[in-house]
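Take a look at the structure set out below.
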Amino acid sequence: MSDRTLLERLEKLCNVDVDDVDTALITSLPFKPHNLTSNQQVICNTMLADSNRELLARMAEMYGNEGWEAVFDRMAVQLVNNNLEHIKGRVLLQISPRHINNKDAIIQHCHRLAKCFQEASIPNDRFAIKLPFTGAAACAAAELNRDGIRTLATSVFGLEQAIAASQSGCLFISPYYNEIAAYSDLSLWTDTPDPALEHPMSARVIQILEAYAKFYSKTGKEQPIMVIASNLNPIEVMAMAELGCQHVTITGGNMKALLETPDSLPPVTTSKPTHPYAGLTTAERLKCLSRVDSLSPAGWRDILALGATDYLANNGSALDQAIKADGFVAKGIQDAMDWFIEAEEIAKEAIEREILLKKESVGVH
Ligand SMILES: O=C(CO)[C@@H](O)[C@H](O)[C@H](O)[C@H](O)COP(=O)(O)O
């Protein structure tokens, strides 16, 4: 039997990123992953683990007088920083889901996070900030990227979000292969042994990649690198390479499963492309997906034609309208934000309790 694992096979086909901050998991991998992504659920769950009790108490003591958010941001930076030496690329944190429709609030939160990264001696080229991609987020991203704070467009479900991510100079883009609701309601999930061909999100992913390749060859402007997220099982994770995604960010559970599965296929003899879009071609058997969209009641639309719209004009109003008009996108973003807000509320409560304990222990009321 082969002593290679499916995870090592995947790293030969595309770049493996980790969607977790679990240092034991990350250091157990047979290679250094590229980037590390996170979100409020990941940070909150890790922050509340027994092993981080002391760290939380210390952070509450040091930053509690600035409020719970300052403590949460510092915790998040510390949890990703613990892994910086174990990855090759960037660590990513997500802005608060409460800000996603307020450009100024997004920019302010990104500057606060950038300051925390700076305090932790993490240089600008080792982190990026995830923005759930609304009209306000796209406008904020354009300013932030110009100022050297690089962003990832996340909670991406639709083509217009992808065009806006390109227009605002995002470094990365994370389409969600599955909506969050599919995790608890499996009737929303396309369970298939061939997700590359049969999962409805494959077509949108391919169309985004093909559009970026065309934009790059026409203008020479770098396009957002795809870090596909939210895969429900290891079969889907493996399929992301065939779609042409340059990176796939893998949750702890899927990572462990891939690490435990021997690779029984012949060794990979091809090498990964050196540029994300310069030589991109869609696999022959998937070319039929370039002109279909079963997620849209209106059917397929030419993504290149969407590029004629300025999605950043008028505070991103064209993007917000497009999101509203596509029920799948609007629901996908809303469900994700509800899920992240739930985690943020739990974190807030725990941090405020810790701050109060500290105050009581020194007799401040
Ligand atoms: O967007 C990114 C990466 O850029 C991810 O962190 C993304 O938030 C997650 O993959 C999704 O929220 C799904 O998380 P999970 O339910 O698989 O834990």
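In terms of numbering that gives the first Met the number 0, the sequence shown has 87 at position 88, counting the first letter as 1, and numbering is strictly consecutive. We put the CB at the ideal spot given by N, CA and C, even for glycine. Note that this is a predicted model, so its numbers are computed, not measured.
- Listed by position along the chain, the residues with Cβ atoms less than 5 Å from a non-hydrogen atom of ligand 1 are Asp-18, Thr-36, Asn-38, Thr-153, Ser-173, Ala-228, Ser-229, Thr-248 and Thr-250.
- Excluding sequence positions up to five before and after Gly-306, its CB lies within less than 6 Å of the CB of Ile-162, all in the same chain and listed in chain order.
- Comparing C-alpha distances from Pro-122 to each of Ala-141, Arg-97, His-98 and Arg-149 shows the shortest one belongs to Arg-149.
- Here Glu-343 is actually not in contact with Ser-183; their C-beta atoms are around 19 Å apart, not less than 8 Å.
- Taken in chain order, the complete alpha helix (DSSP H) segments of 4 or more residues contained in the stretch 37-88 are 39-46, 52-62 and 67-80.
- Counting along the chain, Phe-126 sits inside the beta strand (DSSP E) bounded by residues 126-131.
- Inside the stretch 146-182, DSSP marks whole alpha helix (DSSP H) runs of 4 or more residues at positions 158-166, from first to last along the chain.
- Assignment of Asn-14 by DSSP, reduced to helix, strand and coil, places it in the strand class.
- Counting along the chain, no beta strand (DSSP E) covers Leu-356; the unbroken alpha helix (DSSP H) around it starts and ends at 326-360.
- Taking a contact to require three or more Cβ pairs closer than 8 Å, the stretch 139-149 and the stretch 196-210 do not qualify as touching.
- Bounds of the beta strand (DSSP E) holding His-246 are 246-249.
- In the DSSP secondary-structure assignment, Ala-104 is not bridged to any residue.
- The C-alpha of Ser-167 lies about 44 Å from the C-alpha of Lys-358.
- Ala-329 sits away from Ile-340, with the two beta carbons spaced by 8 Å or more.
- In this structure, the alpha-carbon of Leu-231 lies about 7 Å from that of Asn-177.
- When only Cα atoms are considered, Val-247 and Gln-40 end up about 19 Å apart.
- Val-291 carries a coil assignment under DSSP once its states are collapsed to helix, strand and coil.
- In the structure shown, Leu-196 falls within a helical segment according to DSSP collapsed to helix, strand and coil.
- For Ile-224, the enclosing beta strand (DSSP E) has its first and last residue at 224-227.
- Listed in chain order, the non-local C-beta contacts of Ala-104 below 6 Å within the same chain comprise His-98, local neighbours out to five positions each way being set aside.
- Gly-63 counts as buried, since at least 16 other C-beta atoms from the protein chains shown sit within 10 angstroms of its C-beta.
- Using a 10 angstroms sphere on the CB of Thr-45, the tally of other CB atoms reaches 16 or more, which defines it as buried.
- Linking Asp-292 to Ile-205 through their CA atoms gives a straight-line distance of about 11 Å.
- Relative to Arg-111, the option among Val-70, Pro-131, Leu-78 and Val-79 whose CA is nearest is Val-70.
- Listed as beta-bridge partners of Gln-93 by DSSP are Lys-129.
- Counting C-beta atoms within 10 angstroms of its own C-beta, Gly-331 has 16 or more neighbours from the protein chains shown and is therefore classed as buried.
- Apart from sequence neighbours up to five positions away, the residues of its chain that approach Lys-87 with a beta-carbon distance below 6 Å are Lys-31 and His-33, ordered along the chain.
- Under a 10 Å Cβ-count criterion, Val-361 is classified as exposed, with fewer than 16 other Cβ atoms of the shown protein chains found around its own Cβ.
- Judged by pairs of C-beta atoms under 8 Å, the stretch 279-295 does not touch the stretch 120-137, as fewer than three such pairs exist.
- About 6 Å separates the beta carbons of Glu-159 and Tyr-310, which is inside the 8 Å limit, making them a contact pair.
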